[in-house]
Structure formats: C-alpha cells, structure tokens
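In the order they appear, the protein sequences are chains G and W. Throughout the first sequence, residue numbering follows the UniProt record's numbering, covering 1 to 126 in sequence. Throughout the second sequence, residue numbering follows the UniProt record's numbering, covering 1 to 126 in sequence. The C-beta atom is built at its ideal place from N, Cα and C for all residues, glycine as well. In what follows, a structure is listed as structure tokens, so that the remarks can point back to it.
There are 2 protein chains.
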Amino acid sequence: MVSYAELRETGAFAPACSTRVVLDHVMSRWGVLVLCTLSDGTHRWGELRREVEGISEKMLASTLRQLVADGIVHRESLPTVPPHVEYCLTERGRDLMDRMLPLIEWIAVRADDIVGVASRATPNAR
Amino acid sequence: MVSYAELRETGAFAPACSTRVVLDHVMSRWGVLVLCTLSDGTHRWGELRREVEGISEKMLASTLRQLVADGIVHRESLPTVPPHVEYCLTERGRDLMDRMLPLIEWIAVRADDIVGVASRATPNAR
DNA sequence: CGCATAACTTACCATTTGGGGAGTACCTTA
DNA sequence: TAAGGTACTCCCCAAATGGTAAGTTATGCG
C-alpha cells in the first residue's frame, strides 16, 4: 500500500502526466456512469444509451472509444445486420471497478445528506 | 455492502439527482487533486496553490468553496494579518478519502501502462 | 420499392469552463 | 508614506465541452 505523498514525490501528479490523463478518462462525468453500468455485466450500445440516462450518442461514443483505447473496456462487434456490438470490462477494468464501486456506493448512500448541507446553506452548520 | 444495480433501482443515478451532483464535485479534475493533497494533512491556501500544480486561483477558490459547502472540507480562518486560512478534511472527508485513495493509487501505479496501451494501440493488449 | 434497425460519425452551434489579471482589505515593516 | 504579504473576488474573453440533428451502411421485410 503506497501513500499519496509517496506517489506525489515520484512525479505521478505533474500537470500533463499519465496519471492525470487516466483520471480524466475514468472519473469523467460519463466515464464513471458507463463504467458502473458495465460493472453490472456485458451491455450492448443501445442498452448503455438507455441505462446511462441523459447521455447523448456523441458522448457515449467518445467515452467508450476512450475506455476501449485505455484497455479498460472490451468491444465486441457481432457481424450481424443490423449490427450488434457488445461492451464489457476487461480484467483491468474489473480491477479498477473493484476499487471504484465502494467509493460510488459511499457517495450514493450519502449524497442527499451532502447536497442537503449545501442547499440548506446553514451558516452555523455542523 | 450494496451493489451498483441495487442503488440504481432506488433512482440514485437519475439525471439531476444528488448522487450525480456529488460525483461532479468530488471527482472533478481539480476536486480529486485538492482532496488528495488534503488527505495528507492540513494545508494553507498558498500551499494548496503550490502543491496542486497547474491550478488557477479561480479554480482553487471555487473547488474549495464547493467542498466546504458539501461538508467534506473544513475551512479555518486565523485572525492574523496578513490572513492565514487553513483547510483540512472533515470526518466525512476522511471517510471519503479512505475509499478514494486506493483507487487513486491503483491508477497512479498503472497510468503509464494504460496511456501506453493507447499510444501503442496494441490490439491484443491484456 | 422503400422503410426500419443498430451503431455509429459528422457538422454546426450554444453553453460551460477556465485562464489571466486587476482589484480589495488589512496591518506590518522599511 | 509606500510597499508588501495573504487570501481571496470579479470581469472579460478564448477555448473546450457537449447537445441536436442529420447522414451512413447494409440487409431483411412488407
């Protein structure tokens, strides 16, 4: 188990480093949602479009392209007409989601509470 | 331990829900970096500005304002001249970072490999 | 014949994001 | 009296983000 401080000293968080790039891919607004959905199993394009509510075709396409290029998501195109394309996590993707899901769950459970603090804007809160 | 599928069924990931709002605050480009730095202990404004390389004053201010409003970061202003302001994680923030740091570390360790896959574009990788 | 279907891509345009730099407040020190 | 240090806020503008809608490809079906 490495600490954040140790990693920082290795230069792992410099302005244009690979860590920041991966962070941007994986923790982007739509990236997180797509990955969570895929953590549930293989999904087709159309299913992802429906399940990740609010995503546009453009963003779904570019998000998936990025995650596939990063080796986190696997794309399988079945040679049927009309085309069927399936997406699932690679082993690397499953490893990643093993770490991300606990975080997502923690957030989902407490989210109402957290934005509640904000919207009530209680000056003497806590 | 709740699963993503179960959470989804509760409506926890609908388009403008609190989960997505918190996700946006906490997993934003600068939010992650500020939180990681604070997970290392209390920091002053000027220290954060230096340690989170590349952040502008504007973004540091708005990121901190958001995290403070969400009850994740605590702000303490010391009545000295010139002013000293200290930021640290709240208990909620420490809880959050307990979940986030393993993920960050996993990413930092493998980031070179991941973007490497992208630039090499190896079709049979992993 | 021509429409439907699935998974995209492309072009255009509005909104959002975010950088730069000046402004502010306040007391201390030269 | 003037400069300086600290932690901001505000305004303007350029650049990136992302939505909408139309186009594409290939074939089965009414």
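Under 7 Å Cβ-Cβ, which residues of chain G neighbour Met100 (chain W)? Leu103
Hey, Arg49 (chain G) and Leu60 (chain G) are a contact pair by Cβ (cut 8 Å); roughly how many whole angstroms apart? 6 Å
Chain W partners of Ala61 (chain G), CB-CB under 9 Å? What Ala61 (chain G) touches in chain W: nothing, since even the nearest Cβ is about 16 Å away.
Straight-line CA distance for Asp98 (chain W) to Pro82 (chain G)? 46 Å
DSSP on Ser77 (chain W), reduced to helix/strand/coil? strand
Partner residues on chain W for Glu53 (chain G), Cβ-Cβ distance less than 8 Å: Phe13, Ala14 and Pro15
Whose C-alpha, out of W:Ile114, W:Ala111, W:Gly93 and W:Ala108, is nearest the C-alpha of Trp106 (chain G)? W:Gly93
With DSSP as the reference, label Glu53 (chain G) as helix, strand or coil. coil
Compare the beta carbon distance of His25 (chain G) and Ile72 (chain G) with 9 Å and say whether it is the shorter of the two. yes
Compare the C-beta of Cys88 (chain W) against all C-beta atoms of chain G and say whether one is closer than 9 Å. no
What residues match up with Leu89 (chain W) in a beta bridge as DSSP calls it? W:Val73
If the criterion is Cβ atoms closer than 9 Å, does the pair Leu7 (chain W) and Ala108 (chain G) meet it? yes
Strictly below 7 Å CB to CB, what residues from chain W border Leu23 (chain G)? Val32 and Ile107
Neighbour list for Thr19 (chain G) in chain W, Cβ cutoff strictly below 7 Å: Ile107, Ala108 and Ala111
Beta-bridge pairing of residue 177 (chain G) - partner residues as DSSP gives them: Past the boundaries of the shown model lies residue 177 (chain G); chain G is included only from 1 to 126, so the question cannot be answered.
Report, in whole angstroms, the separation of the C-beta atoms of Leu89 (chain G) and Ser39 (chain G), which I expect to be a contact under 8 Å. 7 Å
Would you mind reading off the limits of the alpha helix (DSSP H) that contains Thr19 (chain G)? Ser18 to Val26
Proximal residues of chain W, C-beta to C-beta of Val26 (chain G) below 8 Å: Ile107
Are the beta-carbon atoms belonging to Ser18 (chain W) and Val34 (chain G) less than 9 Å from one another? no
Taking Ser56 (chain W) as the query, report the chain G residues whose CB atoms sit under 8 Å from its CB, ordered along the chain. Result: empty, since nearest Cβ-Cβ is about 12 Å, beyond 8 Å.
Which residues in the same chain have their Cβ closer than 6 Å to the Cβ of Leu23 (chain W), if we skip the five residues on either side of it in sequence? none
Using a Cβ-Cβ cut-off of 9 Å, state whether Thr42 (chain W) counts as contacting chain G. no
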